[in-house]
Amino acid sequence: METMTITIESDSGTRMRFQVDHEPRFNLRSEEVDGLRSTVRTVESTLAEPDEGRMCLVLAQLTSESILETLPAEDEEEAGP
Numbered sequence: 012m013e014t015m016t017i018t019i020e021s022d023s024g025t026r027m028r029f030q031v032d033h034e035p036r037f038n039l040r041s042e043e044v045d046g047l048r049s050t051v052r053t054v055e056s057t058l059a060e061p062d063e064g065r066m067c068l069v070l071a072q073l074t075s076e077s078i079l080e081t082l083p084a085e086d087e088e089e090a091g092p
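Its first residue numbered 12, the sequence shown is counted upward by one per residue in my numbering.
Take a look at the structure:
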């Protein structure tokens, strides 16, 4: 299982930190990776304004999705540069 920490901080002092644990989910019939199984925990939450909490959650979701999209496929990693 791999762990990633995402921290989002606003100019007004709101800060949220999330820890994401993820591991590949395998298709047992073909032994190929069939996706990721993830767990997200809030490690730190300091809200300067109540409305900023919702914004931080949306940004965290977008950030983690964009990170996962940019990861190379396993067959690309093996091929190398």
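Each residue gets a CB set at the ideal place from its N, CA and C atoms; glycine is no exception.
Keep in mind the model is a prediction, meaning the values are calculated, not measured.
- Item | Residue from Arg48, Asp32, Leu79, Glu63 with nearest C-alpha to Asp22 | Among Arg48, Asp32, Leu79, Glu63, the Cα nearest to that of Asp22 belongs to Glu63.
- Buried versus exposed, by CB contacts within 10 Å (16 or more), Val69: Around the beta-carbon of Val69, fewer than 16 other beta-carbon atoms lie within 10 Å, marking it exposed.
- Item | Glu60 versus His33: straight-line alpha-carbon distance, rounded | 30 angstroms
- Query: Hey, out of Ile19, Ser75, Gly24, Glu20, whose CA is closest to Glu50's CA?
  - Reply: One point to set straight first is that residue 50 is Thr, not Glu, in the sequence displayed. If we check each option's Cα against that of Thr50, Ser75 comes out closest.
- Query: When you compare only the Cα positions, how much space is there between Phe29 and Thr81?
  - Reply: 19 angstroms
- Query: Quick one: what does DSSP say Glu34 is sitting in, helix, strand or coil?
  - Reply: Note: Glu34 maps to strand in three-state DSSP.
- Message: Comparing C-alpha positions only, which one of Arg52, Ala71, Leu79 sits nearest to Ile19?
- Response: Ala71
- Item | Beta carbon of Met15 nearer than 7 angstroms to that of Cys67 | Cβ atoms of Met15 and Cys67: not closer than 7 angstroms.
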